[in-house]
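The next block holds one structure in the form of structure tokens; read it before the comments.
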Amino acid sequence: MKAKLSLTAILVDDMKASRAFYESGLQQIVTVDSESHVSYEGGFSLWLRPMAVELIAGVKAPPREKSGLQNIEYELSFECDDIEAMRRHLLGLGHSLIHEIREEPWGQRLFRLCDPDGHVVEIGEPMIAALKRIHAETGDIEQTSLRTHTPVDVLRGLLG
Numbered sequence: 001m002k003a004k005l006s007l008t009a010i011l012v013d014d015m016k017a018s019r020a021f022y023e024s025g026l027q028q029i030v031t032v033d034s035e036s037h038v039s040y041e042g043g044f045s046l047w048l049r050p051m052a053v054e055l056i057a058g059v060k061a062p063p064r065e066k067s068g069l070q071n072i073e074y075e076l077s078f079e080c081d082d083i084e085a086m087r088r089h090l091l092g093l094g095h096s097l098i099h100e101i102r103e104e105p106w107g108q109r110l111f112r113l114c115d116p117d118g119h120v121v122e123i124g125e126p127m128i129a130a131l132k133r134i135h136a137e138t139g140d141i142e143q144t145s146l147r148t149h150t151p152v153d154v155l156r157g158l159l160g
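Just so you know, we're using UniProt numbering here: the sequence shown kicks off at 1 and counts up by one.
Shown next as structure tokens:
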């Protein structure tokens, strides 16, 4: 018997602002739309926080202080073929970045920002693109493995 993750629900205080961030900003496609919850093609949902807390815990949700970065216990990771264009798009919509595009220790180029509720959102190049880029730079599968923390046999399967 094995449990399989089927959905991630993000609890939000302002559904309108959150929907604008995910739909206009990150261009996510809605699959289910209701007043208190919305689901997206990527397998995650937004739940209106007061309703979700009452449903889950049977109590009224306490008010939250807003101070930017609210939840650094997890991050939502998205991949995008053109992270530079996505960065410009999000900045153009008025969003602030936690950090600019940088290469992480595993070789993937990405940037991070917060959604309207302070949840950390990562936008990175597709990992397969990072692996191909690094393999082209190093010319060696062993070096690519060391730099990306990806086993050689996995790289051989992905890179051919």
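Yeah, the Cβ is synthetic: ideal placement off N, Cα and C, and Gly gets one too.
Please classify residue i: does DSSP put it in a helix, a strand, or coil?
i: A9; result: strand
i: V38; result: strand
i: V152; result: helix
i: E104; result: coil
i: E79; result: strand
i: V53; result: helix
i: L48; result: strand
i: H95; result: coil
i: G124; result: strand
Hey, how far is the Cα of residue i from the Cα of residue j?
i: residue 236; j: E79; result: Nothing about residue 236 can be reported from this structure: the residues present for the chain run from 1 to 160 only.
i: R156; j: I134; result: 14 Å
i: G43; j: E137; result: 34 Å
i: Y40; j: E23; result: 9 Å
i: P105; j: Q143; result: 13 Å
i: V59; j: I128; result: 44 Å
i: A61; j: D13; result: 10 Å
i: A9; j: I98; result: 22 Å
i: P50; j: R64; result: 11 Å
Thinking C-beta only, is residue j closer than 9 Å to residue i?
i: R109; j: E125; result: yes
i: V38; j: M15; result: yes
Going by DSSP, which residues form a beta bridge with residue i?
i: V30; result: Y40
>> Quick test of the definition: if touching needs 3 or more C-beta pairs under 8 Å, does the stretch 117-124 touch the stretch 75-90?
In response: Touching, yes, given that three or more Cβ pairs across the two stretches are closer than 8 Å.
> Per the contact definition of three or more C-beta pairs closer than 8 Å, is the stretch 121-135 in contact with the stretch 97-113?
Replying inline: When Cβ pairs closer than 8 Å are counted between the two stretches, the stretch 97-113 is seen to touch the stretch 121-135, the count reaching three or more.
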